[in-house]
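Encoded as structure tokens, the structure appears first; notes follow it.
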Amino acid sequence: MTLKTSTRFFNGALLAGALAMISTESAVAQPAAGTADSSVRLVQTWDKTFPRSDKVDHQKVTFKNRYGIRLAADVYLPKDRGNKKLAALVISGPFGAVKEQASGLYAQTLAERGFVTLAFDPSYTGESSGEPRNIASPDINTEDFMAAVDFIGLQSYVDRERIGVIGICGMGGIALNAVAVDKRVKAVVASTMYDMSRVMSKGYNDSVTPAQREQALEKMSLQRWDDAANGQPAYQPAYNKLKGGEAQFLVEYADYYMTKRGYHPRAVNSGNSWSVTTPMSFMNFPLMTYIK
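Below, the structure is given as structure tokens:
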């Protein structure tokens, strides 16, 4: 696969790393709107991409992870819960999405079925804090899941012996990485999982050659000097804004993230973008090492 062909194949993809490694488009300087510091300001009106259920109670919460980044989350509780302690589920994903999209829908639906659920925005994205905006890290995002377990396990209505984790799409591999080390979690589900470290290093279906990988690392390494000189990171071209000729799965991404049923202005996947150098921390970080 040539570099030019690879660029056409990946451009606009949900998975930031593949695009960053092989894109020949110019970087842009504007991040998506979001929460740039630790004073998280939560939107209190219902701004989800799905209708509110009359079977659950909902509240917005914040908590800090081990790095001091304050995460924003939605907690969903069954209205008929009574005084008993319930099993709890922590949910995030897909990679580049926000809690107002799929993870929130999962959370609300599972709360209707009797679980306490928490859907959160990963660090540096959505309503969560962290600066600069729209940065991903395999280490910090793994910690985000564990910090969510910290928070939910402190709630009086949660049975600590029945806490599970759900990671969707690109957050699925990160969820597995978290559960591999956090023994408090008793169950884990990875829905349509991607191993982001492998995708960012080798591309979809391992289609990126070693030479292309080295070229991408060279480009991102030099970009770091530009970012340092400018005092802010450069950002990749906007995601899921199609130009025609894209692979079918990219068309399907856009059909959700860029249409009424899935669009949310805070989501990276809804026409915003990751920083150009975000893939670097994933490319030598094997998420699946201890997953059996």
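Take the sequence shown: its letters are residues -29 to -1, 1 to 263, numbered as in mature numbering (1 follows the signal peptide of the UniProt record, and there is no 0). Just so it is clear, CB atoms sit at the ideal spot from N, CA and C, and this is done for glycine as well.
From which residue to which residue does the alpha helix (DSSP H) around residue i run?
| i | result |
| --- | --- |
| G124 | P109 to G124 |
| E223 | Q219 to Y228 |
| V170 | M167 to K173 |
| S252 | M251 to M254 |
| L13 | Element bounds for L13: n/a, residue is neither H nor E. |
| L60 | Segment L57 to S63 is the beta strand (DSSP E) holding L60; no alpha helix (DSSP H) there. |
| A68 | Premise fails: A68 is in no alpha helix (DSSP H) and is neither H nor E. |
| K212 | Element bounds for K212: n/a, residue is neither H nor E. |
| E83 | A73 to E83 |
| E185 | P181 to N201 |
Can you round the beta-carbon distance between residue i and residue j to whole angstroms, since I take them to be within the 8 Å contact cut?
| i | j | result |
| --- | --- | --- |
| G75 | D45 | 6 Å |
| G67 | N240 | 4 Å |
| F86 | L42 | That pair is no contact at about 20 Å. |
| A107 | W17 | Not a contact, Cβ separation roughly 27 Å. |
| G135 | Y165 | The Cβ separation is near 20 Å, so there is no contact. |
| A146 | F116 | 6 Å |
| K56 | V129 | 6 Å |
| T248 | P204 | 6 Å |
| E71 | V11 | Contact doesn't hold; Cβ gap of about 15 Å is too wide. |
| Y38 | E114 | 6 Å |
| I139 | Y77 | 7 Å |
| D25 | L48 | Actually they do not touch by this definition, with Cβ atoms about 13 Å apart. |
| L213 | P109 | With 8 Å as the limit, L213 and P109 do not qualify as a contact, their Cβ atoms being about 28 Å apart. |
| A118 | F34 | 6 Å |
Should residue i be labelled buried (16 or more other beta-carbon atoms within 10 Å of its own) or exposed?
| i | result |
| --- | --- |
| R23 | exposed |
| T260 | exposed |
| E217 | buried |
| Y210 | buried |
| T96 | buried |
| E(-5) | Low confidence applies to E(-5): its pLDDT is 48, below 50, so where it sits in the model is not reliable, and the reading given next is rough at best. E(-5) comes out exposed. |
| G141 | buried |
| A200 | exposed |
| V159 | buried |
| N105 | buried |
| T230 | exposed |
| V152 | exposed |
| S(-7) | Annotation note: pLDDT 46 at S(-7) (below 50); position unreliable, no value reported. |
| W196 | exposed |
| G174 | buried |
| R232 | exposed |
| G202 | exposed |
| A187 | buried |
| S94 | buried |
| F220 | exposed |
| R237 | buried |
| V14 | exposed |
| R169 | buried |
| S163 | For the sequence presented, residue 163 should be read as Thr rather than Ser. T163 is exposed by the Cβ-count criterion. |
| I51 | Position check: residue 51 holds Asp in this sequence, whereas Ile was assumed. Exposed: under 16 other Cβ atoms inside 10 Å. |
| P2 | With a pLDDT of 45 at P2, under the threshold of 50, the predicted position of this residue should be treated as unreliable, and no value is reported. |
| A82 | buried |
| Q30 | exposed |
| N54 | exposed |
| A73 | buried |
| D226 | exposed |
| P181 | exposed |
With respect to the beta strand (DSSP E) encompassing residue i, which residues constitute its N-terminal and C-terminal limits?
| i | result |
| --- | --- |
| Y88 | A quick correction: the sequence has Thr, not Tyr, at residue 88. Unbroken beta strand (DSSP E) run through T88: V87 to F91. |
| A158 | A158 to S162 |
Pull the bridge partners of residue i from the DSSP assignment, please.
| i | result |
| --- | --- |
| A44 | V32 and F91 |
| Y234 | Partner(s): none; Y234 has no beta bridge. |
| S246 | Y206 |
| P257 | Beta-bridge pairing links P257 to no other residue. |
| Q49 | Per the sequence shown, the amino acid found at residue 49 is Pro instead of Gln. Beta-bridge pairing links P49 to V27. |
Consider the C-beta atom of residue i and the heavy atoms of the ligand NAD; say whether any pair is separated by less than 8 Å.
| i | result |
| --- | --- |
| D226 | Questions concerning the ligand NAD fall outside what the structure shown contains, since it holds no ligand whatsoever. |
Can you find a C-beta in chain C that's less than 9 Å from the C-beta of residue i?
| i | result |
| --- | --- |
| T260 | The question asks about chain C, but that chain is absent: this structure has only one protein chain. |
Ranges of the alpha helix (DSSP H) found wholly within the segment 122 to 152, counting only runs of at least 4: 141 to 152
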